[in-house]
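Residue numbers (the numbering used here): 181 to 232.
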């Protein structure tokens with residue numbers, strides 16, 4: 181049988197994503213990686229954005 185690949189997501193609070201992950205230098209580094217993100221609002225307890 182084949183191997184099932186389950187995507188993994190890094191969960192990031194929305195404020196941290198906006199303050200750190202949107203910086204151009206960080207975006208350049210991360211664009212070379214295959215990282216999935218789940219951005220959430222911890223106060224409202226909702227998912228704000230999925231990035232694959």
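Heads up, the beta-carbon is just placed ideally off N, CA and C, and yes, glycines get one too. In this text, all values refer to a predicted model and were calculated from it rather than measured experimentally.
Problem - Other residues of its chain near residue 198: CB distance less than 8 angstroms, five sequence neighbours each side excluded - result: Looking up residue 198 in the chain shown gives position 18. The answer is none, since no qualifying residue turns up.
Practice task
Alpha carbon to alpha carbon, how far is residue 190 from residue 182? Give it in angstroms, no decimals.
Solution key: In the chain shown, the residue the question calls residue 182 occupies position 2. In the chain shown, the residue the question calls residue 190 occupies position 10. Cα to Cα, residue 182 sits roughly 25 angstroms from residue 190.
Exercise for the section: Compute the Euclidean distance between the alpha carbons of residue 227 and residue 219, then round it to the nearest angstrom. Expected result: Reading the chain shown from its first residue, position 47 is the one you call residue 227. Reading the chain shown from its first residue, position 39 is the one you call residue 219. So the two alpha carbons sit approximately 6 angstroms from each other.
Problem - Distance, residue 185 Cα to residue 217 Cα - result: The residue labelled residue 217 in the question sits at position 37 within the chain shown. The residue labelled residue 185 in the question sits at position 5 within the chain shown. So the two alpha carbons sit approximately 17 angstroms from each other.
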